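Number of protein chains: 2
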Amino acid sequence: MSEPAHNVLYAQAGGVTAVINASAAGVIEMARRHPEKFGKIYAAVNGIVGVLEETLTDTTQFTEQMLDQLKTQPGAAFQSCRFDLDTLAENPEQYQRVLAVFRQYNIGYFFYNGGNGSMVTAQKVADYCTEKGHPVTCIGVAKTIDNDLALSHCSPGFGSAAKYIATSLLEATLDLISMHNTSTKFFALEAMGRNAGWLTIAGGLIKTQIPDAPLIVLPAERAFSQQAFLDKVNHFIEHKGYCVCVVSEGLTNEDGSYISIENIEHTHSHDYTQLGGVARTLSNLVAQTFNCKTHSAVPDYLQRSASHIVSETDWQMAYRAGKAAVQAALDGLHGVLPTIQVLSEQPLVWRYQNVDLVEVADLEKRVPDSFICDDGMDITQAALDYLKPLIKGERPIPYQYGLPAIAPIQYQCIKQQLPPYKVVK
Amino acid sequence: MSEPAHNVLYAQAGGVTAVINASAAGVIEMARRHPEKFGKIYAAVNGIVGVLEETLTDTTQFTEQMLDQLKTQPGAAFQSCRFDLDTLAENPEQYQRVLAVFRQYNIGYFFYNGGNGSMVTAQKVADYCTEKGHPVTCIGVAKTIDNDLALSHCSPGFGSAAKYIATSLLEATLDLISMHNTSTKFFALEAMGRNAGWLTIAGGLIKTQIPDAPLIVLPAERAFSQQAFLDKVNHFIEHKGYCVCVVSEGLTNEDGSYISIENIEHTHSHDYTQLGGVARTLSNLVAQTFNCKTHSAVPDYLQRSASHIVSETDWQMAYRAGKAAVQAALDGLHGVLPTIQVLSEQPLVWRYQNVDLVEVADLEKRVPDSFICDDGMDITQAALDYLKPLIKGERPIPYQYGLPAIAPIQYQCIKQQLPPYKVVK
């Protein structure tokens, strides 16, 4: 006779993507298929904070229709926290609280859909519970628009943000082609990415439609050289009449300082420097240098929430990340992260393969030299070959009243059963 | 025996829209149906500048397939100039040149797809030609994302930009709902519109999906009150945990000065003050006042070029604007602009009706008081009722390599036959 099934807990953490909820749907659907192994499937509301504060939801209430909604909804349907546990030595109380919650709800499987740092913390929590006599399996579910996850061909969430950036830059380029003769001659688009220029190089994809586009690509991996930049802008304006540019929000000067319109760097209570403004800085620089009209755009969150233009390839990666995590648990693994391994480049054939969470935790994948041209301001054919399959395919979504039908899904939280616990953020 | 057909000239001018080329297709298709009236259909490349410089293209080369491409392409396929003729008294030579070009190509019909100011100039040119013994009919074709065209229910181009703004704000709102608990609590989206807040109020459409959204709408029609704004932000953060905001780039202080991050206003050779930065200014203000994380986005040109999310209603309006202009010429009219007249509000039933160009030229339609709530920071039900039908419907577009298939259409220009003429810009 088999032992009684343990319950599942799924949680979301860190910056959202347009497809993170597809991973949630993947976890729920796959776990439902194995009632012999998995009992109830809970989701924490607000990541690890929701675990600590015992704000949980029982996904049994999710009908097929709600799961379909989940699959097209941007943001994190279960809320995503920017909060990491302290170390066990620093704050044993936090770990005891997680254990108490896991015991209360008979959690045996913890699927954590977050950054790799958070996922390692989740694993440590699971290990702690196991040591205390309540065995918990922890599996990571990858997601990040930044694409800086190591040991994985790419990250779920990146392809859709890349498609958004490339589409936006392509459309703006047609605007400049139309009007540069008597109006704007330079346009800069600012892409997210503090240290990694993956979304910036995605702007280079406009070359699949306009091979000779007068494009400057400034990834965070290269320090900014003002003179070389202005020389290239000048060349393009002289020869093509206009120039378009895509730039990493985290672009730095040679001395490592961020390029920004603001000299006063805003810091808030989490002591996190707010980036943004580099596109406008470049735009003003070009306007002043060449006495011409310039424009800039900063899509900011729009690029990571654009449910209306997700990449089908990326969506599949996100959905299958959830399923692969559950499969890893079925296979009896613990402390692993399913990552994307490529079997064939053209056409792209890939599968999930597990790596140890601790192995990827401290690695950050930046854009390799082979993807950036010698002048540091354009992308290579190798980069195009890498990027093209990731933005491939469109996923139709339902509309209501002319807008994506993405009203937040309403679900009930479970009545709290443990003593109240308030996280200090 | 009927007199020989005169030729047609079509031109685009001013800021582009995502659907201006649908108007071009409407003109070409409708004129082709009436060979008894219209001879060759030319397009000027770069608006009135293209007329003066004799850079013309014969649209006979446009196959059905090219016309289909035209119907989904953002920007201005024939290039759009920001250039107006001088007055006849100031610069008679310009008028003589246009007459020479019109005579050379036997132009009898001039369809001008531009701002109303430019269209009146076009009419004056046509009148001049007629006086000099070369009769020319001039008809306007409306377009502007700003929706500030008077005597028309709305403007072709507005509905698609409105759909883009509302979709973007809705998606970003889901981001904030996901993450505000431990991260960003305020987000501002900057919409185009120097004096008219039409695109800003379009952000209010997110209420069709999230009726109780903690939303602040700041149209250019109302001066900014810092205290009232901060009070409302504070209220929303306290009661809902977050606040989203959509703001006109042209928002001003009580004294009429623009709110901007930059104290140095950049002016270029056309002496045009560059707006932009108000969303970031508000975002920084909230961050500093409430010591919380904030973000902002500036879509800039993306909102007027987003071919991938046009409104089907708007597209039909643009396409039929072109056809209505040709119909006006068939009806023997001159100096008119087909404008949108509403026959029924719900569901929206509309048709084109001609008004005299001179009648609309100096009128600017701003957002009426009845569309803005008493506190000046939200929109009314009347505004929602007006906006909803304009963003209705989606128009699927072809994709290639994961991007909208909008590579610029290649066409040949006619070999110049007149002495060279260079416009000084």
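Chains A and B, in that order, give the protein sequences.
Using this note's numbering, you'd call the opening residue of the first sequence number 1 and step up by one each time.
Using this note's numbering, you'd call the opening residue of the second sequence number 1001 and step up by one each time.
Even for Gly, the Cβ is constructed at its ideal location relative to N, Cα and C.
Computed from a prediction, not measured in an experiment: that's the story for all the values here.
In the displayed model, A:H6 falls within a strand according to three-state DSSP. Relative to B:K1124, the option among B:A1044, B:Q1079, B:P1092 whose CA is nearest is B:P1092. By a beta-carbon distance limit of 8 Å, A:I201 does not contact A:L363. Their separation comes to about 19 Å.
With its beta carbon at least 7 Å from every one in chain B, A:T289 lies outside the interface. When DSSP states are grouped into helix, strand and coil, A:R351 belongs to the strand group. Membership of A:H239 in the alpha helix (DSSP H) is indicated by the continuous run 226-240. Along the segment 400-420 of chain A, going in chain order, the ones with a CB nearer than 9 Å to a CB of chain B are Q400, Y401, G402, L403, P404, A405, I406, A407, P408. Here A:V141 is bridged, per DSSP, to A:N113. Taking a 10 Å sphere around the C-beta of B:L1343, we find fewer than 16 other C-beta atoms and assign the residue as exposed. Under a 10 Å Cβ-count criterion, A:V349 is classified as exposed, with fewer than 16 other Cβ atoms of the shown protein chains found around its own Cβ. Beta bridge pairing from DSSP links B:D1058 with B:Y1042.
A distance below 7 Å separates the beta carbons of B:L1149 and B:A1142. Here the C-alpha atom of A:V217 lies approximately 39 Å from the C-alpha atom of A:L67. Among the CB atoms of chain A, one or more fall inside 7 Å of the CB of B:E1394. Of the other Cβ atoms in all chains shown, fewer than 16 fall within 10 Å of the Cβ of B:S1257; this residue is therefore exposed.
With a threshold of 7 Å between beta carbons, B:Y1164 makes no contact with chain A.
In this structure B:T1072 touches B:I1406 by the C-beta definition: roughly 7 Å separates them, less than 8 Å. Short of 6 Å from the beta carbon of B:G1115, and not among the five residues preceding or following it, lie these beta carbons of its own chain, in chain order: G1014.
Closest option to B:P1389, judged by alpha-carbon separation, among A:A287, A:H6, A:Q400: A:Q400. Those residues of the segment 1161-1188 of chain B placed with their C-beta closer than 7 Å to a C-beta in chain A are K1163, A1166, T1167, S1168, L1170, E1171, A1172, L1174, D1175, I1177, S1178, M1179, N1181, T1182, S1183, F1187, ordered along the chain. Closest by C-alpha distance to A:N195, out of A:V16, A:L88, A:L251, is A:L251. Look at B:H1235: its C-beta is not under 7 Å from any C-beta on chain A. Cβ-Cβ distances below 7 Å link B:S1370 to T1380, A1382 in the same chain, with the five nearest sequence neighbours on each side left out; the list follows chain order. Under the Cβ distance rule, B:K1365 does not count among the residues neighbouring chain A, no pair being separated by less than 7 Å. The beta-bridge partner set that DSSP reports for A:A11 consists of A:Y112.
Counting C-beta pairs closer than 8 Å gives three or more between the segment 1027-1042 of chain B and the segment 1057-1064 of chain B, which meets the contact rule. The criterion of a C-beta distance shorter than 7 Å is satisfied by A:S307 and A:P404. The beta carbon of A:F236 is closer than 6 Å to those of P214, C243 in its chain, skipping five residues each way along the sequence. For a cut-off of 8 Å, the C-beta gap from B:E1249 to B:V1278 is around 6 Å, short enough to register as a contact. Judged by DSSP secondary structure, A:Q341 falls within the beta strand (DSSP E) whose first and last residues are 336-344. Taking a beta-carbon distance threshold of 7 Å, A:R351 does not count as an interface residue toward chain B. Secondary structure note for A:S248: its beta strand (DSSP E) is the uninterrupted segment 243-248. Straight through space, the alpha carbons of A:S296 and A:I165 are spaced by roughly 13 Å. With contact defined as three or more Cβ pairs closer than 8 Å, the segment 1285-1300 of chain B and the segment 1173-1189 of chain B are in contact. When the alpha-carbon of B:I1414 is set against those of B:A1043, B:E1221, B:H1006, the nearest one is in B:A1043. In the three-state reduction of the DSSP assignment, A:F78 falls in the coil class.
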